[in-house]
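K.L.:
My questions will all concern the structure given below.
2 protein chains.
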Amino acid sequence: MYFSSILKKLSFDVDMWEPSTEDMKINPDFLAAREDYKGSPNVAGTLKGKGGGRSILLNGHIDVVPGGDNDWNDSPWSGKLEDGKIYGRGACDMKGGIIANVMAVKAIMDSGIQLNGDVIIESVIGEETGGAGTLSAISRGYKADGAIVPEPTDMQLCPVSMGVTWFRIIIKGLAAHGATSYLGVNAINKASMIVQKLNEFEAKRIKEIKHELYKHHPAPFSVNIGIIKGGIFPTSVPDEVIIEGRMSFSPDEEISEARRELENAVYGAAREDGWLKEHMPQIEWYGFCLNSGSVDKEHALVKTIADNYKYVKNDDPNIVGTPWGTDAGALIRYGNTPAVVFGPGPGGTAHKANEYVDVEKLIETTKIIACTILDWCGYEQ
Amino acid sequence: MYFSSILKKLSFDVDMWEPSTEDMKINPDFLAAREDYKGSPNVAGTLKGKGGGRSILLNGHIDVVPGGDNDWNDSPWSGKLEDGKIYGRGACDMKGGIIANVMAVKAIMDSGIQLNGDVIIESVIGEETGGAGTLSAISRGYKADGAIVPEPTDMQLCPVSMGVTWFRIIIKGLAAHGATSYLGVNAINKASMIVQKLNEFEAKRIKEIKHELYKHHPAPFSVNIGIIKGGIFPTSVPDEVIIEGRMSFSPDEEISEARRELENAVYGAAREDGWLKEHMPQIEWYGFCLNSGSVDKEHALVKTIADNYKYVKNDDPNIVGTPWGTDAGALIRYGNTPAVVFGPGPGGTAHKANEYVDVEKLIETTKIIACTILDWCGYEQ
Chain A
537 MYFSSILKKL
547 SFDVDMWEPS
557 TEDMKINPDF
567 LAAREDYKGS
577 PNVAGTLKGK
587 GGGRSILLNG
597 HIDVVPGGDN
607 DWNDSPWSGK
617 LEDGKIYGRG
627 ACDMKGGIIA
637 NVMAVKAIMD
647 SGIQLNGDVI
657 IESVIGEETG
667 GAGTLSAISR
677 GYKADGAIVP
687 EPTDMQLCPV
697 SMGVTWFRII
707 IKGLAAHGAT
717 SYLGVNAINK
727 ASMIVQKLNE
737 FEAKRIKEIK
747 HELYKHHPAP
757 FSVNIGIIKG
767 GIFPTSVPDE
777 VIIEGRMSFS
787 PDEEISEARR
797 ELENAVYGAA
807 REDGWLKEHM
817 PQIEWYGFCL
827 NSGSVDKEHA
837 LVKTIADNYK
847 YVKNDDPNIV
857 GTPWGTDAGA
867 LIRYGNTPAV
877 VFGPGPGGTA
887 HKANEYVDVE
897 KLIETTKIIA
907 CTILDWCGYE
917 Q
Chain B
537 MYFSSILKKL
547 SFDVDMWEPS
557 TEDMKINPDF
567 LAAREDYKGS
577 PNVAGTLKGK
587 GGGRSILLNG
597 HIDVVPGGDN
607 DWNDSPWSGK
617 LEDGKIYGRG
627 ACDMKGGIIA
637 NVMAVKAIMD
647 SGIQLNGDVI
657 IESVIGEETG
667 GAGTLSAISR
677 GYKADGAIVP
687 EPTDMQLCPV
697 SMGVTWFRII
707 IKGLAAHGAT
717 SYLGVNAINK
727 ASMIVQKLNE
737 FEAKRIKEIK
747 HELYKHHPAP
757 FSVNIGIIKG
767 GIFPTSVPDE
777 VIIEGRMSFS
787 PDEEISEARR
797 ELENAVYGAA
807 REDGWLKEHM
817 PQIEWYGFCL
827 NSGSVDKEHA
837 LVKTIADNYK
847 YVKNDDPNIV
857 GTPWGTDAGA
867 LIRYGNTPAV
877 VFGPGPGGTA
887 HKANEYVDVE
897 KLIETTKIIA
907 CTILDWCGYE
917 Q
């Protein structure tokens, strides 16, 4: 409601709706549907241009990860301004980006400029849990000739978003009393073997999969084992271990291909084990999944942002791929909207204690987005 | 109260008391003290003999492991008699043994025989959690010239109980976002390496540690990893994994020696790892610990039980070591009471669904214990 009222004040036509699970069906790899989205509305505002210009879509997700209070200097919800930084959960990921979107348009309107192309501003839900909001907005028809997604890239310009997909591996053993452990099969021992195979698999991927926009990143396409859990009693032979993790993949890979590679690594290891070959691990792709997305780095939108970066910062931007999945992937794949990720926040503080956005970078990003809108949409003074 | 009233009816002097944590200090390796033992009384009954005979102590633990209802055909608390078996949690471990103790004495008294030596019957608490009850009874002065502990040995005669001690290993990593996992150290990967080293360590122990009363057992002195747990989020590099398990050791080993061997295996592996050598795993010996205990297999009590086994069953008993720790260890070590484990129940059903005791074996065991009391304590008709 608050975001909607801001857009209304700026003369946007405002559309607010609760996504439906039907909306996400445009993405066959979407896994994280809630039962419904009551109380989690998307907001999209449209500012019609005079005509004859390219349209632009300014996307930002309104959801944040949990506060995780423990290590914060202040409350994660303080919004404290100190030493030129605004602190709080979502400061960089990505309320900072959303406000850059809004203020860029406001600056243009305050100056009396009238744009030729349409501007759409979106506040979408559910990016942190797999991108439901952006998929719903696409299904509702929100597309454009170009899009900016100001995720916390620390003002690096990202025409490419990697793919990310979560996995769960269920490894079965055979329960027994610890006193006669030889009668059982210890699922923790089997899981340890699978973990080591996943490590080898990851090392191979890191070595072999190259992408020109990830040269700066020591290990972009990683297999992170995040959780392991198995067994209920020290004296029992555990009959199940569950491993959960995150696999990231190159924009040059199909998601199905990346997943199959991991599956083959696990199944291949299992086939070499007397027990596991008869009791194959189950692999589930669950929860979070954002497919990759690529815009050519020579694309006009990339050029326009880069030019305005130079105009504002008197320097060339770093042009790289994002180290995470973003909603740009869905905009490109399912919205037919070339989408570039470029935002003010330091990604290194996202999801952590003392997340912040630097005010100077916020203002610079706002200027660059404003200038990009002008150049992209065209205008008359 | 119920057990106490049974003993009173049999003319026992009955002592009922709640253990104090002070009582367990006789065992320096006892780890599982509760804050207090309110509502968990021990019961000991003494039947004075006429004098001039050896005393006997009939020990049995009254506590049971949780019911664990899921796989039972009936309620774990049904006590159902079917096809000559009594089903229920504790049927074999070890209410069956306790009732054999009581009925053996009752049979003697019903026949009008008067014993020369004293008989002590104990119902002790807390065996399943480390033996608090028996330690308390020893501290209170309950000792004898010999003891029978009718744990579910399936009528095998066990002059030897192995040692069992639980361990916890805490393995530290370094947290990071999964997108920059190279900045972290994955505790699950490190734990997998430790698990594999523990497997090698176990294999070596199983191969090298021999004991004449464990020749029948394929892997008596095992290292069972029962629980693994680490990480909180698929997208984070986990910074801690906790492993919990059970180590069993030979009566020929000191507990401190067995523990040090495991510690050396873990620390040795850690020293070969660049990260772990600077962040050594912590090893805790916690919770359950029953030290081993041995009575010579030529001991008079063993001979007496074996002779009466032959008298009742017309066969020689199997003489072996127990596959678990028992309260016999404490009786031998801290009570100076030679203790032999011999009971009716099938140990293979203990702690499991559909635990039972076979009625015929219960009666045979009762007869063997009764005859053993007569021979051991001496009597006049």
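Listed in order, the protein sequences are those of chains A and B.
Going by our numbering, the first residue of the first sequence is number 537, and it counts up by one from there.
Going by our numbering, the first residue of the second sequence is number 537, and it counts up by one from there.
C-beta: ideal position from N, C-alpha, C; glycine also.
If I'm right that B:Cys694 touches B:Thr858 with Cβ under 8 Å, what's the distance once you round it to whole angstroms?
P.N.:
At roughly 5 Å, the Cβ-Cβ gap stays under 8 Å, so B:Cys694 and B:Thr858 are in contact.
K.L.:
Indicate whether at least one CB of chain B lies closer than 9 Å to the CB of A:Thr771.
P.N.:
With 9 Å as the cut-off, A:Thr771 counts as an interface residue toward chain B.
K.L.:
Which residue marks the beginning of the alpha helix (DSSP H) containing B:Ser675, and which one marks its end?
P.N.:
From DSSP, the alpha helix (DSSP H) with B:Ser675 extends over 668-675.
K.L.:
Distance check for A:Ala580 and B:Pro602, CA to CA, integer angstroms please.
P.N.:
For B:Pro602 and A:Ala580, the distance between alpha carbons rounds to 56 Å.
K.L.:
Considering only DSSP beta bridges, list what B:Ser659 is partnered with.
P.N.:
Looking at the DSSP assignment, B:Ser659 forms a beta bridge with B:Val579, B:Gly596.
K.L.:
I'd like the span of the alpha helix (DSSP H) that includes A:Cys907, first residue to last.
P.N.:
First-last of the alpha helix (DSSP H) with A:Cys907: 895-913.
K.L.:
What are the boundary residues of the alpha helix (DSSP H) that includes B:Ala805?
P.N.:
Taken as a continuous stretch (DSSP letters only), the alpha helix (DSSP H) holding B:Ala805 covers 791-807.
K.L.:
Closer than 9 Å by beta-carbon distance: list the chain B residues that pair up with A:Arg676, in chain order.
P.N.:
In chain order: nothing, as chain B lies at least about 28 Å away.
K.L.:
Going by the DSSP bridge assignment, what does A:Asn760 pair with across the sheet?
P.N.:
Note: A:Asn760 sits in a beta bridge opposite A:Arg782.
K.L.:
Does the beta carbon of B:Thr716 sit closer than 9 Å to a beta carbon anywhere in chain A?
P.N.:
Answer yes: the Cβ-Cβ gap between B:Thr716 and chain A drops below 9 Å somewhere.
K.L.:
Strictly under 9 Å for the Cβ-Cβ distance: is B:Gln732 near chain A by that measure?
P.N.:
So, interface residue.
K.L.:
What is the residue span of the alpha helix (DSSP H) that A:Leu734 lies within?
P.N.:
723-744 is the span of the alpha helix (DSSP H), which, as asked, contains A:Leu734.
K.L.:
Do the stretch 613-630 of chain A and the stretch 889-905 of chain A make contact, defined as three or more Cβ pairs closer than 8 Å?
P.N.:
Because the criterion of three Cβ pairs below 8 Å is met, the stretch 613-630 of chain A and the stretch 889-905 of chain A touch.
K.L.:
Report the residue from A:Val685, A:Ser717, A:Lys743 whose alpha carbon sits nearest the alpha carbon of A:Val877.
P.N.:
Ranking the options by Cα distance to A:Val877, first place goes to A:Val685.
K.L.:
Can you pull the chain A residues whose beta carbon is under 7 Å from the beta carbon of B:Glu780, in chain order?
P.N.:
The answer, in chain order, is Pro770.
K.L.:
In this structure, does DSSP put A:Ile542 in helix, strand or coil?
P.N.:
In this structure, A:Ile542 counts as helix in the three-state DSSP scheme.
K.L.:
Under 9 Å between C-beta atoms, does B:Trp608 make it to chain A?
P.N.:
No, B:Trp608 does not count as interfacial toward chain A.
K.L.:
Let me make sure I understand the geometry here. Which of A:Asn872, A:Lys726, A:Lys833 has the alpha-carbon closest to that of B:Ile761?
P.N.:
Among A:Asn872, A:Lys726, A:Lys833, the Cα nearest to that of B:Ile761 is on A:Lys726.
K.L.:
Taking the C-alpha atoms as reference points, what is the distance between B:Cys825 and B:Gly666?
P.N.:
When rounded, the distance between both Cα atoms is 5 Å.
K.L.:
In angstroms, rounded to a whole number, what distance separates the CA positions of B:Ile562 and B:Gly677?
P.N.:
Roughly 12 Å separates the two Cα atoms.
K.L.:
Looking at the secondary structure, which residues open and close the beta strand (DSSP E) in which B:Ile706 lies?
P.N.:
Where B:Ile706 is concerned, the enclosing beta strand (DSSP E) stretches over 699-708.
K.L.:
By alpha-carbon positions, which one of B:Gly653, B:Lys616, B:Ser591 ends up nearest to B:Val893?
P.N.:
The option with the nearest alpha carbon to B:Val893 is B:Lys616.
K.L.:
Take every Cβ of the stretch 714-728 of chain B, pair it with every Cβ of the stretch 736-754 of chain B, and state whether three or more of those distances are shorter than 8 Å.
P.N.:
Not touching, per the Cβ criterion.
K.L.:
With DSSP as the reference, please indicate the residues paired to A:Ser772 in a beta bridge.
P.N.:
Partner(s): A:His713.
K.L.:
Measure from the alpha carbon of A:Asp863 to the alpha carbon of each residue in A:Arg570, A:Leu594, A:Ala715, then state which is nearest.
P.N.:
Nearest option by C-alpha distance: A:Leu594.
K.L.:
How would you write the range of the alpha helix (DSSP H) that B:Ile644 sits in, first residue to last?
P.N.:
Where B:Ile644 is concerned, the enclosing alpha helix (DSSP H) stretches over 632-646.
K.L.:
For A:Gly977, go through chain B and note every residue whose CB falls closer than 7 Å to its CB, in chain order.
P.N.:
Since the first and last residues shown for chain A are 537 and 917, residue 977 of chain A lies out of range.
K.L.:
Please report the residue range of the alpha helix (DSSP H) in which A:Val838 lies.
P.N.:
Taken as a continuous stretch (DSSP letters only), the alpha helix (DSSP H) holding A:Val838 covers 836-849.
K.L.:
Residues of chain B with CB under 7 Å from A:Trp811, in chain order?
P.N.:
Residues of chain B passing the Cβ test: none, with the nearest at roughly 14 Å.
K.L.:
Would you say A:Met560 faces chain B, with C-beta separation under 9 Å as the test?
P.N.:
Answer no: the Cβ-Cβ gap between A:Met560 and chain B never drops below 9 Å.
K.L.:
Between the Cα of A:Val641 and those of A:Ile592, A:Asn854, A:His815, spot the shortest distance and give me the residue it belongs to.
P.N.:
It is A:Ile592 whose Cα lies nearest to the Cα of A:Val641.
K.L.:
Between B:Tyr822 and the rest of its own chain, which residues show a CB-CB distance below 7 Å, the 5 nearest in sequence each way excluded?
P.N.:
Leu567, Trp702, Arg704, listed in sequence order.
K.L.:
Between the beta-carbon of A:Thr902 and the beta-carbon of A:Leu837, is there less than 9 Å?
P.N.:
Contact: no.
K.L.:
Looking at chain B, which residues of the stretch 686-705 of chain A have a Cβ within less than 7 Å of any of its Cβ atoms?
P.N.:
Those would be Trp702, in chain order.
K.L.:
What does A:Asn854 reach in chain B if we use C-beta pairs closer than 9 Å?
P.N.:
Here the premise fails: no neighbours, minimum Cβ distance about 16 Å.
K.L.:
At 3 residues or longer, and completely inside the stretch 861-893 of chain B: list those beta strand (DSSP E) runs for me, N to C.
P.N.:
The stretch 861-893 of chain B contains these whole beta strand (DSSP E) runs: 875-877.
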